[in-house]
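A.B. asks:
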Amino acid sequence: MPEIKPTEVESTASIKVVGVGGAGGSAINRMKEVGLNGVEFIAINTDAQALHHSDADVKVHIGQGLGAGGDPDKGREAAEESRDNIGQSLEGSDMVFITLGAGGGTGSGAGPLVAKEAKERDILTVGVVTKPFTFEGAQRKRNADRAIAELSKEVDALITIPNDRLLQTIDPRTPLLETFKIADDVLRQGVQGISELITEHALINLDFADVKSIMKNAGSALMGIGRASGENRAKIAARQAIESPLIEVKIDGARGVLFSVAGGYDMSMSEIQEAAEEITGAVSPDANIIFGASIRPELNEEMVITVVATGFDSDYYRQKRAEEVVLAERESYRDEQSATSAIETESIGNEEKAESKSSWDEADKLKDDEDDLDVPPSLRARLRSKK
619 MPEIKPTEVE
629 STASIKVVGV
639 GGAGGSAINR
649 MKEVGLNGVE
659 FIAINTDAQA
669 LHHSDADVKV
679 HIGQGLGAGG
689 DPDKGREAAE
699 ESRDNIGQSL
709 EGSDMVFITL
719 GAGGGTGSGA
729 GPLVAKEAKE
739 RDILTVGVVT
749 KPFTFEGAQR
759 KRNADRAIAE
769 LSKEVDALIT
779 IPNDRLLQTI
789 DPRTPLLETF
799 KIADDVLRQG
809 VQGISELITE
819 HALINLDFAD
829 VKSIMKNAGS
839 ALMGIGRASG
849 ENRAKIAARQ
859 AIESPLIEVK
869 IDGARGVLFS
879 VAGGYDMSMS
889 EIQEAAEEIT
899 GAVSPDANII
909 FGASIRPELN
919 EEMVITVVAT
929 GFDSDYYRQK
939 RAEEVVLAER
949 ESYRDEQSAT
959 SAIETESIGN
969 EEKAESKSSW
979 DEADKLKDDE
989 DDLDVPPSLR
999 ARLRSKK
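Numbering (the working numbering), first residue to last: 619 to 1005.
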């Protein structure tokens, strides 16, 4: 029997990355730019112009081509109309990443339906989603909370990345447009950190079955990224990843942990061991832990560690999710009440103005009549006949 060398083994898992809406599409373009290999890219959008400029391998246009206008209902309706096309684009996949920026119209509305189509085909489905910045407004936050709640019901694992926490990791002087690009790039890192464990030949290789054991029906998931160079870079990068501001709860509550270690040609096995010890020491001894390591020459002297922690379906985390949804619905109800109140107030105001005008008209008439009393009756009659 011929010897099979690791470099001759190719991944048999079919992986597709689906970018839904504007942020999802931007993340796909970024992945293509950095050369994420071994996956097929699908862009789904209501905006025909954005699709035209997309670098995706497959483009699925939904709706009328003018976007969703920030309305998730329009995004959902557009996806329903193109449900068959969406399903066909997912056929033959073993694993699908659905990446989007929650809060917008297309991503929030169409994303859950895309996930549902994938799950109905028994595809391992992972959502990688950013939450909007606070400055993007309360309505966008409510849209995001609802979308995340809906998406979590349809995926095996959902990685949520809060953009507000992302601000803690970048220079405060970073320009606004660059900040949004960084948010899109975090989506890219979430997908790449997992997919390359399967698709890339590495020092320590993982296969699809390994990843599936962590991600299948995992529920809520969180991601942390650490980068470091110089002395003790492995420990520093690992600590940064598990203590990342992007991770909303302590990593020791995770039931599954998947992490990847990447470095240049000078990365040693002892450094990989140091990183692994740092991460495994921070999680429960009962957690299922898998990891891979790869050489990326472009990193030079830097080490990058990506940690994905899954299985945060503890009572605490379920309660946190429920509270977010309830809060979003309460705020939405208040807005509806405020809008109704404003309409009623305007209506009452118009009625009061009409009544006031009528009262003034009557007063003016009475005043005219009173003024007429100073005019002789014969002249008064002639004046009235002319009106």
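From the three backbone atoms N, C-alpha and C, an ideal C-beta is built for every residue, glycine too. Just so it is clear, the structure is predicted and the values come from calculations on it, not from any experiment.
(1) Spatial neighbours of residue 611 within its chain, please: CB distance less than 7 angstroms, with the 5 preceding and 5 following residues excluded, ordered by chain position.
(2) Starting from residue 743 and walking both ways along the beta strand (DSSP E), at which residues does that stretch end?
(3) Reducing DSSP to helix, strand and coil, say where residue 922 ends up.
(4) Do the segment 888 to 908 and the segment 634 to 650 touch if we need at least three Cβ pairs shorter than 8 angstroms?
(5) Name the residue from 908, 858, 823 whose alpha carbon lies nearest to the alpha carbon of residue 921.
(6) Nearest-angstrom Cα distance between residue 741 and residue 849?
(7) Assuming residue 799 and residue 772 form a contact by the criterion Cβ under 8 angstroms, report the distance between their Cβ atoms to the nearest whole angstrom.
(8) With DSSP as the reference, label residue 771 as helix, strand or coil.
(9) Given a cut-off of 8 angstroms on the beta-carbon distance, is the pair residue 909 and residue 894 in contact?
(10) Between the alpha carbons of residue 702 and residue 735, how many angstroms are there, rounded?
(11) According to DSSP, which residues form a beta bridge with residue 909?
(12) Could you check where the beta strand (DSSP E) with residue 697 kicks off and where it finishes?
(13) Relative to the alpha-carbon of residue 781, which residue among 770, 662, 716, 794 has its alpha-carbon at the smallest distance?
(14) Taking the alpha-carbon of residue 709 as reference, which of 635, 672, 692, 836 has the nearest alpha-carbon?
(15) Should residue 636 be counted as a contact of the ligand HEM given a C-beta to heavy atom distance under 7 angstroms?
(16) Could you compute how far the alpha carbon of residue 753 sits from the alpha carbon of residue 675?
(17) Buried or exposed: which applies to residue 690, given that a residue is buried once 16 or more other Cβ atoms fall within 10 Å of its Cβ?
(18) Check whether the Cβ of residue 687 lies closer than 8 angstroms to any Cβ atom in chain C.
(19) Work out the CA separation of residue 763 and residue 932 for me, nearest whole Å.
(20) Mind pulling the alpha helix (DSSP H) runs of 4 or more residues that sit fully within the segment 811 to 861?
(21) With a threshold of 7 angstroms on Cβ separation, who are the neighbours of residue 817 within its own chain once the five nearest residues in sequence on each side are excluded?
(22) Which residue marks the beginning of the alpha helix (DSSP H) containing residue 670, and which one marks its end?
(23) Let me know if residue 875 comes out buried or exposed under the rule of 16 or more other beta-carbons within 10 Å of its beta-carbon.
(24) Of the residues 785, 750, 726, which one's Cα is nearest the Cα of residue 768?
(25) Give the DSSP bridge partners of residue 1011, in chain order.
(26) To the nearest angstrom, how far is the alpha carbon of residue 733 from that of residue 716?
(27) When you compare only the Cα positions, how much space is there between residue 678 and residue 697?
(28) Is the beta carbon of residue 687 less than 8 angstroms from the beta carbon of residue 723?
(29) On a CA-only basis, which of 861, 672, 665, 667 is nearest residue 645? Give me that one, please.
(30) Could you tell me the boundaries of the beta strand (DSSP E) in which residue 633 lies?
(31) Measure from the alpha carbon of residue 718 to the alpha carbon of each residue in 712, 739, 661, 760, then state which is nearest.
(32) When you compare the CB positions of residue 880 and residue 912, do they come within less than 8 angstroms of one another, or not?
(33) Starting from residue 658, follow the alpha helix (DSSP H) in both directions and report where the run begins and ends.
(34) Going by DSSP, what residue range makes up the beta strand (DSSP E) through residue 677?
(35) Under 8 angstroms between the Cβ atoms of residue 777 and residue 731?
(36) Would residue 746 be called buried (16 or more neighbouring beta carbons within 10 Å of its own) or exposed?
C.D. replies: Put simply:
(1) The requested residue 611 does not occur in the structure, where the chain is confined to residues 619 to 1005.
(2) Translated into the one-based positions of the sequence shown, residue 743 becomes position 125. Segment 742 to 749, the beta strand (DSSP E) holding residue 743.
(3) Along the sequence shown, one-based indexing puts residue 922 at 304. Strand, per DSSP.
(4) no
(5) Along the sequence shown, read from residue 1 onward, the residue named residue 921 stands at position 303. In terms of Cα proximity to residue 921, the closest of 908, 858, 823 is 858.
(6) Along the sequence shown, read from residue 1 onward, the residue named residue 741 stands at position 123. Along the sequence shown, read from residue 1 onward, the residue named residue 849 stands at position 231. So the two alpha carbons sit approximately 42 angstroms from each other.
(7) Translated into positions along the sequence shown, residue 799 becomes position 181. Translated into positions along the sequence shown, residue 772 becomes position 154. Rounded, the Cβ-Cβ distance is 28 angstroms, inconsistent with contact.
(8) Counted from its first residue, the sequence shown places residue 771 at position 153. The answer is coil: DSSP assigns residue 771 none of H, G, I, E or B.
(9) Translated into positions along the sequence shown, residue 909 becomes position 291. Translated into positions along the sequence shown, residue 894 becomes position 276. At a Cβ-Cβ threshold of 8 angstroms, residue 909 and residue 894 count as neighbours.
(10) Taking the sequence shown and counting its residues from 1, the one referred to as residue 702 is at position 84. Taking the sequence shown and counting its residues from 1, the one referred to as residue 735 is at position 117. Going by the C-alpha atoms only, they are around 9 angstroms apart.
(11) Mapped onto the sequence shown, residue 909 falls at position 291. Residue 909 is bridged to 877.
(12) Stepping through the sequence shown from its first residue, residue 697 is reached at position 79. Residue 697 -> not in any beta strand (DSSP E); alpha helix (DSSP H) instead, spanning 690 to 699.
(13) Position 163 of the sequence shown, counted from the start, is the residue given in the question as residue 781. Here the closest residue by C-alpha is 794.
(14) For the purposes of this step, residue 709 is taken as residue 91 along the sequence shown, with counting starting at 1. The shortest CA-to-CA distance from residue 709 to any of 635, 672, 692, 836 is the one to 635.
(15) Of the ligands one can find in the structure shown there are none, so the ligand HEM has no counterpart to examine.
(16) What you label residue 753 is simply residue 135 of the sequence shown in a count that begins at 1. What you label residue 675 is simply residue 57 of the sequence shown in a count that begins at 1. Taking the straight line from one Cα to the other gives about 34 angstroms.
(17) As a first step, residue 690 is located in the sequence shown; it is residue number 72 there, counting from the start. Looking at its Cβ environment, which holds 16 or more other Cβ atoms inside 10 Å, residue 690 is buried.
(18) The structure shown contains no chain C, having only a single protein chain.
(19) The count along the sequence shown starts at 1 and reaches residue 932 at position 314. The count along the sequence shown starts at 1 and reaches residue 763 at position 145. Here residue 932 scores only 48 on pLDDT, less than 50, and its place in the model is too uncertain to base an answer on.
(20) Inside the segment 811 to 861, DSSP marks whole alpha helix (DSSP H) runs of 4 or more residues at positions 826 to 833, 851 to 860, from first to last along the chain.
(21) For this step, residue 817 is matched to residue 199 along the sequence shown. Only 629, 633, 655, 656, 657 meet the Cβ criterion.
(22) If you number the sequence shown from 1, residue 670 lands on position 52. From DSSP, the alpha helix (DSSP H) with residue 670 extends over 666 to 670.
(23) Numbered from 1 along the sequence shown, position 257 holds the residue referred to as residue 875. A residue is called buried once 16 or more other Cβ atoms fall within 10 Å of its Cβ, and residue 875 is buried on that count.
(24) Taking the sequence shown and counting its residues from 1, one reaches residue 768 at position 150. For the residues 785, 750, 726, the minimum Cα distance to residue 768 belongs to 726.
(25) The structure shown does not extend to residue 1011, since the chain is modelled only from 619 through 1005, so no value can be given for it.
(26) What you label residue 733 is simply residue 115 of the sequence shown in a count that begins at 1. What you label residue 716 is simply residue 98 of the sequence shown in a count that begins at 1. Straight-line Cα distance between these residues: approximately 7 angstroms.
(27) Stepping through the sequence shown from its first residue, residue 678 is reached at position 60. Stepping through the sequence shown from its first residue, residue 697 is reached at position 79. Answer to the nearest angstrom: the Cα atoms are 10 angstroms apart.
(28) As a position in the sequence shown, residue 687 is number 69, starting the count at 1. As a position in the sequence shown, residue 723 is number 105, starting the count at 1. Cβ distance < 8 angstroms, so residue 687 and residue 723 count as in contact.
(29) As a working note, residue 645 is residue 27 in the sequence shown. With distances taken between Cα atoms, residue 645 lies closest to 672.
(30) Counting from one through the sequence shown, the residue named residue 633 turns up at place 15. Start and end: 633 to 638.
(31) Within the sequence shown, residue 718 is the residue found at index 100, counting from 1. Minimum Cα distance to residue 718 is reached at 661.
(32) As a first step, residue 880 is located in the sequence shown; it is residue number 262 there, counting from the start. As a first step, residue 912 is located in the sequence shown; it is residue number 294 there, counting from the start. Yes; because the gap between Cβ atoms is below 8 angstroms, this pair is in contact.
(33) As a first step, residue 658 is located in the sequence shown; it is residue number 40 there, counting from the start. Here residue 658 belongs to no alpha helix (DSSP H); instead the beta strand (DSSP E) covers 657 to 663.
(34) The sequence position of residue 677 within the sequence shown is 59, counting from 1. Element bounds for residue 677: 676 to 679.
(35) Counting from one through the sequence shown, the residue named residue 777 turns up at place 159. Counting from one through the sequence shown, the residue named residue 731 turns up at place 113. Cβ distance not < 8 angstroms, so residue 777 and residue 731 don't count as in contact.
(36) Taking the first residue of the sequence shown as position 1, residue 746 is located at position 128. By the Cβ-count criterion, residue 746 is buried, with 16 or more other Cβ atoms from all chains shown falling within 10 Å of its own Cβ.
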